[in-house]
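Chemist:
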Amino acid sequence: MAVGPIVKQILQTYPGKIRLVIKNYPYKYRDFSKIAAEASLAARDQGKYWEMHDMLISHSPKLDRTSLIAYAGELGLEVKKFTESIDSGRHMQEIEGDLKLAESIDLYNTPTFYINGLQIVGERPMNFFKKIIDEQLNQSGK
Amino acid sequence: MLKQLLACIFVLLLFGNALAEEKKTEIPIGDSPSLGPADAPITIIEFIDFQ
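Going down the list, the sequences are from chains A and B.
When the letters of the first sequence are read in order and numbered with the numbering used here, they come out as residues 7 to 148.
When the letters of the second sequence are read in order and numbered with the numbering used here, they come out as residues 722 to 772.
1) Would leucine 47/A and glycine 757/B qualify as a contact pair, given that the criterion is a beta-carbon distance under 7 Å?
2) Please report the distance separating the alpha-carbon of glycine 53/A from that of isoleucine 12/A.
3) Tell me the residue span of the alpha helix (DSSP H) that contains leucine 143/A.
4) Under the rule that 16 or more other beta-carbon atoms within 10 Å means buried, what is aspartate 770/B, buried or exposed?
5) Tell me which same chain residues have a C-beta within less than 6 Å of the C-beta of valine 127/A, skipping the five on either side of it?
6) To the nearest angstrom, how far is it from the Cα of phenylalanine 38/A to the Cα of lysine 68/A?
7) Shortest alpha-carbon distance to phenylalanine 88/A belongs to which of Ala49/A, Gln142/A, Gln15/A and Lys34/A?
8) Going by Cα to Cα distance, which pick from Ser64/A, Met98/A, Lys137/A and Lys23/A is closest to lysine 29/A?
9) Using a Cβ-Cβ cut-off of 6 Å (strictly less than) and excluding sequence neighbours within five positions of isoleucine 101/A, which residues of its own chain qualify?
10) How would you call tyrosine 35/A, buried or exposed, if buried means at least 16 neighbouring beta carbons within 10 angstroms?
11) Output yes if chain B places a C-beta closer than 7 Å to the C-beta of aspartate 119/A; else output no.
12) According to the Cβ coordinates, are isoleucine 138/A and alanine 761/B closer than 7 Å?
13) Here's the rule: buried if 16 or more other CB atoms are within 10 angstroms of the residue's CB, otherwise exposed. What is threonine 764/B?
14) Give the C-beta separation of isoleucine 41/A and leucine 74/A to the nearest angstrom, bearing in mind that I take them to be a contact with Cβ-Cβ under 8 Å.
15) Tell me, please, whether the CB atom of alanine 728/B is closer than 7 Å to any CB atom in chain A?
16) Mapping the DSSP letters down to three states, classify alanine 8/A as helix, strand or coil.
17) Would DSSP call threonine 764/B helix, strand or coil?
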C-alpha cells in the first residue's frame, strides 16, 4: 500500500532538504501491482511520473488496466503510447531490477523507507519520520 | 578476572546496540524516479506498491 499523504507532508515540512526516490516493489500476489508500476513508468516516459504516482495512490486499489488507461487520459497523456507501454511490459526489466534490489537487502514489505540509509518498515506517524529526519539534519549540519 | 570479563561483555553489548541503531543500508538510486535536489541533505528512498 502506498503512503502518499505522509510523504507529501514530509516534503512540505522540509522544503529543499529532501530528495525522494521511488523504487517499485509490486507484491506478486496482488492483481494490479505490477501493471500499476508499469503505468507509473509509462507516465514518466511522457514527463508525468509524479502526476501518475499521485493518481495511483489516490485511486488504489482501483488499478485495473481499463482504469489505468482512463487515468492516463485524465492526465493528458498520449493514451495509445501509454497503453502500448503497459501492455508490452516495457519497463519490466527496471521493475525486476528494483525487486532484485529489494531482495538483496531483505526487504519484503511495503512501504519501506530508507532515510539516509536508515530503514523504516511500514506506515508510521509523521512524528516518527520527523525525529529521524531532524537527527539526520543535525548530523549533516544543514 | 570474572569482573573484567563481565565488563568486557557489557562494553561489547553497548557497542553492538549502537551499531544496530545506526545501521545504514546503501541503495543505488540509478534511474529511479526522483524529486528534489540531488545534493539534498536527506535522501528518502521509498519502496512502493501502488495497490
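Where a beta carbon is used, it is the ideal one built from N, C-alpha and C, also for glycine.
A quick note: this is a predicted structure, and the numbers were derived from the prediction, not measured.
Modeler: The structure says:
1) no
2) 24 Å
3) 132 to 146
4) buried
5) Asn115 and Thr118
6) 8 Å
7) Ala49/A
8) Met98/A
9) Asn30 and Ala43
10) exposed
11) For the sequence presented, residue 119/A should be read as phenylalanine rather than aspartate. It does; some Cβ of chain B falls within 7 Å.
12) no
13) buried
14) 6 Å
15) no
16) Its pLDDT being 46, under 50, alanine 8/A is placed unreliably by the model, and the measurement read from it follows with that caveat. Correct three-state label for alanine 8/A: coil.
17) strand
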